[in-house]
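Just below is one structure, and these are the notes that go with it.
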Amino acid sequence: MYLSHPVRRMRDDPFADQTATLVVELDAADRSDLDATLDEVDGAFERELQLGSYLVSMPETQVDAFCEMDGLARVETANTLGLAIDDGE
Numbered sequence: 001m002y003l004s005h006p007v008r009r010m011r012d013d014p015f016a017d018q019t020a021t022l023v024v025e026l027d028a029a030d031r032s033d034l035d036a037t038l039d040e041v042d043g044a045f046e047r048e049l050q051l052g053s054y055l056v057s058m059p060e061t062q063v064d065a066f067c068e069m070d071g072l073a074r075v076e077t078a079n080t081l082g083l084a085i086d087d088g089e
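All residue numbers for the sequence shown refer to the UniProt record's numbering, where the first residue is 1 and numbers rise by one.
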């Protein structure tokens with residue numbers, strides 16, 4: 001599984017008051033596995049992206065637990081990929 005540098009930083013040193021917006025690509029898992037894991041980490045499915053990836057969000061403190069999910073191929077921050085994410089601010 002590939003983790004971008006910002007995701008690795010969040011796993012090791014998360015900010016308690018921050019939300020992580022991640023782009024996830026699945027390998028051996030399916031969407032129901034993703035939804036179940038998001039429920040476990042108090043996360044949310046935001047939308048499906050092109051090329052079979054998904055935009056998800058969760059408290060930054062839950063990124064480490066999320067990355068333990070079996071079947072992940074890639075996890076990157078939306079900012080790493082240059083997605084213009086409107087966070088409501």
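All residues carry an ideal CB built from backbone N, CA and C; glycine is no exception. Model, not experiment: these values are computed from the prediction.
* Closest to leucine 51 by CA distance: which of Ala20, Asp17, Ala73, Ser32 is it? -> The candidate whose alpha carbon is nearest that of leucine 51 is Ala73.
* Asked: Distance, Cα to Cα, residue 103 vs threonine 19?
  -> The structure shown does not extend to residue 103, since the chain spans only 1 to 89, so no value can be given for it.
* **Backbone CA spacing between glutamate 25 and phenylalanine 66 [nearest angstrom]** => The alpha-carbon atoms of glutamate 25 and phenylalanine 66 are separated by roughly 13 Å.
* Asked: Rounded C-beta distance between glutamate 46 and serine 57? I'm assuming under 8 Å.
  -> Indeed, because the Cβ distance is near 6 Å, the residues count as touching under 8 Å.
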